[in-house]
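All remarks here apply to the structure that follows.
Numbering (the working numbering), first residue to last: 554 to 751.
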């Protein structure tokens, strides 16, 4: 069990590996590098994670800075324990698959409750959203690569794109299956009279 288990902590440790920073700067770097697509956070959760990491001994206060009109900000630096935690945690995440419970998987496990025609319509809307997101990521990756960003800094986007493309293929196949007459007839036999939840 990790002392700090929020994945955002992993990003904080990684950024502090480069240099000491204050939480505001950490948030700015997450946005600038588009890591905010991989780590869900807001200002409050970022400050909370920084406090948790300090309490665990993974980071320490290292002075403060005052820039422009803003109030003084506390700089945090990575400790040796924090560096060890970063590498150990990252190695574990890269090497060991973990069971995840995405919302879509939960919905799919109960998909038979929906009228096949409605399920097809809803999946069509999902496909449109997925395709739009995939196009945005492709464009962001292209622009970053043209701007000189190394491929290794884009692998999280490439991974997300691969997942989106796989899900698009899966949804297309599922839509075809839901449209088959044998499934529709079976659904109406089993659920037709019970599914008037409109």
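Ideal Cβ placement from N, Cα and C applies to all residues, glycine included.
Given the structure is predicted, the values throughout are model-derived calculations rather than measurements.
query, result
"Straight-line gap, residue 609 to residue 556 (C-alpha atoms, nearest Å)", "6 Å"
"Beta-carbon proximity list for residue 560, same chain, < 7 Å, skipping 5 on both sides", "592"
"Whole-number beta carbon distance between residue 629 and residue 618, since they are thought to touch under 8 Å", "Contact doesn't hold; Cβ gap of about 11 Å is too wide."
"Whole runs of the beta strand (DSSP E) within the segment 597-655, excluding any shorter than 3 residues", "612-618 and 626-631"
"C-alpha gap between residue 616 and residue 632, whole angstroms", "14 Å"
"Beta-ladder partner(s) of residue 574, from DSSP", "629"
"Where residue 594 falls: helix, strand or coil (DSSP)", "coil"
"For residue 563 and residue 639, believed in contact at Cβ under 8 Å, the rounded distance", "7 Å"
"Where residue 650 falls, given that 16 or more other Cβ within 10 Å makes a residue buried", "exposed"
"Buried or exposed by the 16-neighbour rule on C-beta atoms within 10 Å, applied to residue 740", "buried"
"Alpha helix (DSSP H) segments (min. 4 residues) lying fully within the segment 657-707", "669-699"
"Rounded straight-line distance, which links the Cα of residue 672 to that of residue 664", "7 Å"
"Neighbour-count burial assignment, residue 676, 16 or more Cβ in a 10 Å radius", "buried"
"First and last residue of the uninterrupted alpha helix (DSSP H) at residue 742", "734-743"
"Assigned secondary structure, residue 562 (DSSP; H/G/I helix, E/B strand, else coil)", "helix"
"For residue 743 and residue 751, the rounded distance between their alpha carbons", "The predicted model places residue 751 with a pLDDT of 48, which falls under 50 and marks its position as unreliable, so this point remains unresolved."
"Euclidean distance between Cα positions of residue 547 and residue 588", "The requested residue 547 does not occur in the structure, where the chain is confined to residues 554 to 751."
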